[in-house]
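Have a look at the structure below, then the notes.
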Amino acid sequence: MSNLLIVIPMTLDEYLKNHDIDELAAKSGTSKWYLYQLRRHHRKPGLKLCERLEKATDGKVTIADLRPDWYGALQTMPIQASESP
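Residue numbers (my numbering): 728 to 812.
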């Protein structure tokens with residue numbers, strides 16, 4: 728029998744209801760103040776911070792959760808075939 732770990736994505740607000748904001752700030756290399764701003768949607772994290780937050784939360788908060796505007800755009804971007812001479 729294999730051990731299968733299923734991670735259910737959650738918002739940053741949901742994550743912080745059960746986890747310490749100071750610890751997450753330290754793990755992700757940002758400030759508690761900035762996490763409050765992100766939690767309340769007053770700011771949007773850049774790609775590097777999204778990656779660090781996803782790693783710091785063990786994948787519970789994903790880049791798609793943090794920046795659905797990017798995720799949707801990336802999912803629907805058409806792939807252009809290269810032109811042949």
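Virtual Cβ for every residue (Gly too), placed ideally from N, Cα, C.
Predicted model only: the values in this text are computed from it and were never measured.
CB-CB length for residue i against residue j, believed under 8 Å
i	j	result
L762	A783	Contact flag wrong, Cβ pair sits at about 10 Å.
For residue j and residue i, the rounded distance between their alpha carbons
i	j	result
S755	H769	18 Å
K759	N730	35 Å
I790	R779	9 Å
L793	P772	7 Å
R767	M737	14 Å
Burial state of residue i, where buried means 16 or more other Cβ atoms lie within 10 Å
i	result
D749	exposed
L776	buried
K744	exposed
*Only counting runs of 4 or more residues, tell me where the alpha helix (DSSP H) segments fall wholly within the segment 738 to 798, in order along the chain.*
Listed in chain order, the complete alpha helix (DSSP H) runs (minimum 4 residues) inside the segment 738 to 798 are 739 to 744, 748 to 755, 759 to 766, 774 to 783, 790 to 793.
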